[in-house]
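FYI, the numbering for the sequence shown is 367 to 901, going by our numbering.
What follows is one structure encoded as C-alpha cells, with my remarks underneath.
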Amino acid sequence: MNGAIYVDIKTANLTPVSTMSWHKEAHEIDLRRDLSKQQGGEEAIALHHAKGRLTIRERIDALTDGFEEHGEGAGFAEKGPDGSIQSFSPANYVMGFGDLDGRRVVVGGEDFTLRGGSPNGAGLRKSVYAEELAVQFRLPLVRMLEGGGGSVGGTGGPRPQTVGSPVYAEPRFKIIADALNVVPVVSGAMGPVAGFPAGRVVSSHFSVMVKQTSQVLVAGPAVVERALGVSLTKEQLGGWRIHTRSGIVDNVADSEQEAFEQIRHFLSYMPQNVWQLPNREHCTDDPNRTEESLISIVPKDGRIPFEMRDVIRAVADHGVFFETSPHFGLGQITGFARINGAVVGIIANDCRHFAGAMTAKGSQKARKQMELCDMFHIPIVNFLDEPGFMIGPDAEKEATIRYGMSAVSAAVQSTVPWATIAIHKSFGVASAAHFAPNNYKLAWPSYEMGALPVQGGVAVAYHKEIEAAPDPEAKRLELEQKLIEGRSPFPMMESFAVHELIDPRQTRARLSRWVDWIEPLLEELKGPVKWGYRP
Numbered sequence: 367m368n369g370a371i372y373v374d375i376k377t378a379n380l381t382p383v384s385t386m387s388w389h390k391e392a393h394e395i396d397l398r399r400d401l402s403k404q405q406g407g408e409e410a411i412a413l414h415h416a417k418g419r420l421t422i423r424e425r426i427d428a429l430t431d432g433f434e435e436h437g438e439g440a441g442f443a444e445k446g447p448d449g450s451i452q453s454f455s456p457a458n459y460v461m462g463f464g465d466l467d468g469r470r471v472v473v474g475g476e477d478f479t480l481r482g483g484s485p486n487g488a489g490l491r492k493s494v495y496a497e498e499l500a501v502q503f504r505l506p507l508v509r510m511l512e513g514g515g516g517s518v519g520g521t522g523g524p525r526p527q528t529v530g531s532p533v534y535a536e537p538r539f540k541i542i543a544d545a546l547n548v549v550p551v552v553s554g555a556m557g558p559v560a561g562f563p564a565g566r567v568v569s570s571h572f573s574v575m576v577k578q579t580s581q582v583l584v585a586g587p588a589v590v591e592r593a594l595g596v597s598l599t600k601e602q603l604g605g606w607r608i609h610t611r612s613g614i615v616d617n618v619a620d621s622e623q624e625a626f627e628q629i630r631h632f633l634s635y636m637p638q639n640v641w642q643l644p645n646r647e648h649c650t651d652d653p654n655r656t657e658e659s660l661i662s663i664v665p666k667d668g669r670i671p672f673e674m675r676d677v678i679r680a681v682a683d684h685g686v687f688f689e690t691s692p693h694f695g696l697g698q699i700t701g702f703a704r705i706n707g708a709v710v711g712i713i714a715n716d717c718r719h720f721a722g723a724m725t726a727k728g729s730q731k732a733r734k735q736m737e738l739c740d741m742f743h744i745p746i747v748n749f750l751d752e753p754g755f756m757i758g759p760d761a762e763k764e765a766t767i768r769y770g771m772s773a774v775s776a777a778v779q780s781t782v783p784w785a786t787i788a789i790h791k792s793f794g795v796a797s798a799a800h801f802a803p804n805n806y807k808l809a810w811p812s813y814e815m816g817a818l819p820v821q822g823g824v825a826v827a828y829h830k831e832i833e834a835a836p837d838p839e840a841k842r843l844e845l846e847q848k849l850i851e852g853r854s855p856f857p858m859m860e861s862f863a864v865h866e867l868i869d870p871r872q873t874r875a876r877l878s879r880w881v882d883w884i885e886p887l888l889e890e891l892k893g894p895v896k897w898g899y900r901p
C-alpha cells in the first residue's frame, strides 16, 4: 500500500468556473482536506478495525470533547494533464488543539492506515510541530502513538526527502526535550510502536500501553532476527508483560477506552505548564475525617507485612489514589492523590516486596516521581517504611547504591514542600531519600529508626556475647527486645526530632491543615526548575 488515495476525476472536478476568480483553487483546498480525512481508504481502515484498533481520528474523537486540526490538507497530490488531482497521499500524522475536560491540550498521533504509521514527509513535520505547538502555547501534549518509525524506503510520496536538514538546523529531538521541561507530556502506545515513536513513548511524564494490541520496540522482529539471529514475536520483544516491568511504560490498560481514562486522570493532577499550579478543587470529603482502621493497620510483630495502599487511600480524598508504575520497582509506590482538594504526589514503601527496600529499579521510580513533582510544583507526601537499600549479589550487579544515591540527591535537592509520615521503620542511608529540605515530619507510635534493623544489627554487633551465652537464641532475643524498646518514637517527640507524634487516625486531619499552610509557598515556585548534577 503506497498511501495514495485515487480520486474519481468525474466527481472530483467542479463545473467550469470563471477565470477571473479563485473558485477552482478554493475547491482544491477543500478537496485536499476531504481526502485527508479518508486516511488510507476504506479497505485500510476496515483492516485496522479488524485488528481491534481505532484509527487516529477515532481516538482523538474518543479522548477529546472537541478538536481543531492543524495542517488539514497537508500531503502530496499527483495531478493529471488538466491540473486535476488524480491521487493524494495525506500526511500520516494528525494533530491539533483538543478540548479535554474543560482545558485545552495539543493532541496528535500517527495514522497507521497509511504506510503503517511510518512517517511520510508531511507526517514527520507535523509530528515535530505538535511538540512545537505545545511549547509555544504552553499546553499539555497528548500523543497517541502507533507507528514503525523510519523506513529504508524513505518518506515516500511523489517528492521524497533525500537531502536532509540544513547544517544549521536545531536537532530534531531538541523540541522533544524542551517540551518535557515546560508542559505535561503524556503518551499512549495504542498499537505497535517502534523506532522514533518508541522514543516518544519514553520521552513522557506519563505513558500507558494497551494490552494485546500494543507493543513498544526499538526494532521489530524482522530486524532483530536479521541482526541477532533471534526469532521472537512482537509481544515477546515488547509486549505489556515486558515493559510494565522494564519501566519503559508506566501503566497498562485493558482497552483503548481505559487508556483514554488514565490519560484524563493523570492530567487532572497536572497544571497546564510549569508557570501554573495544579487546580485545587472544592473538597467534599471531611478534611478532619478519621479512619479507624489505621490504628491497627501496622502489626505489632514487625515481620508481618501490611498493605500501604490502604494507608494511602484512607488519607486521600474519597479514597482515590492514581498509582503509576505499579509493576516496576516493586518496593516503592508512586502516584497522585488529593488531600483537602489539593494535588499531592505520593511516594511510599511497599513492605510486601523486599520489605520495602529500595532496589535499583525502585530508586529510579522514586527519583522520577520526585523530579516530576518538582517540575510541576506538586507537594510530596511520603509514607515511610524503609529498611534500607537492597543487599545481595543481584543488588550489587544492578548498581543499587548508584541509583539509590541518585534518589537521595533528588530528595535533598527537592524544592517543593514534603510531608513525611514515618509509619514503621527507617534504616540506613536509603532513609535520606525520604526527607527534603522543606519537610513536615510526622511519626506514628509504630515507628522505629536506626543505622540497621535491630534483628540484623544485634547479630553483627553482639555476636561474641551471643555465642558465649548458655542459650544463644534466648540471649539474641533479649538483646533485640531491649534495643527495640530503646527505639521508641517517644524520645523523638520529647526532643522535637519530629514535628508531631500522632495517633495514626489523625493523619488525614494533620495533612489537610498542612496543605493549607504550604499553599502560598507554591506560588513562589512557578517557572522552570533547576537541578544540579546527580549520580
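The beta-carbon is built from N, C-alpha and C at its ideal position, and this holds for glycine as well.
query                                                                                                                        : result
Among Ile661, Phe672, His800, the one whose alpha carbon lies nearest that of Gln735                                         : His800
Presumed contact (8 Å Cβ cut-off) between Leu505 and Val472, rounded CB distance                                             : 5 Å
Own chain, CB closer than 6 Å to Pro456, minus 5 neighbours either side, in chain order                                      : Ser402, Gly441
Beta-carbon contacts of Gln628 that lie in its chain and below 7 Å, excluding the five residues immediately before and after : Val574, Asn617, Ala619
CA nearest to the CA of Ala809, picked from Leu660, Lys892, Gly722, Phe672                                                   : Leu660
Nonlocal neighbours in the same chain, by C-beta distance under 6 Å from Asn715, ignoring five residues either side          : Gly722, Asp751, Glu752
Selected residue, minimal CA-CA separation from Ile744, among Gly711, Arg607, Ser580, Leu480                                 : Gly711
Chain-order list of residues whose beta-carbon lies under 8 Å from that of His719 (same chain, five-residue window excluded) : Leu696, Gly697
Residues that DSSP places opposite Met461 in a beta bridge                                                                   : His436, Gly474
Selection from Phe562, Ala726, Tyr495, Val778 that minimises the alpha carbon distance to Asp760                             : Ala726
Continuous beta strand (DSSP E) stretch holding Val574: start and end                                                        : 572–576
Residue environment, Ala554, which counts as buried when at least 16 other CB atoms sit within 10 Å                          : Looking at the sequence provided, one finds Gly at residue 554 rather than Ala. Under this definition Gly554 is a buried residue.
Cα-Cα separation, Tyr806 to Phe626                                                                                           : 35 Å
Same chain, Cβ closer than 6 Å to Met771, neighbours up to 5 away in sequence not counted                                    : Pro901
Range covered by the beta strand (DSSP E) that runs through Lys445                                                           : 441–445
Residue burial classification, Gln623 (beta-carbon count within 10 angstroms, cutoff 16)                                     : exposed
Rounded straight-line distance, which links the Cα of Glu498 to that of Leu507                                               : 10 Å
Local conformation of Tyr534 per DSSP, three classes                                                                         : coil
Helix, strand or coil at Thr610 according to DSSP, with G and I counted as helix                                             : helix
Presumed contact (8 Å Cβ cut-off) between Val774 and Ala798, rounded CB distance                                             : 5 Å
Collapsed DSSP secondary structure at Ala416 in the structure displayed                                                      : helix
Boundaries (first-last residue) of the alpha helix (DSSP H) holding Met771                                                   : 766–778
Pick from Gly464, Val681, Ser453 that is closest to Asn654, judged by C-alpha positions                                      : Val681
Straight-line gap, Pro886 to Asn547 (C-alpha atoms, nearest Å)                                                               : 23 Å
Straight-line gap, Val686 to Ala732 (C-alpha atoms, nearest Å)                                                               : 20 Å
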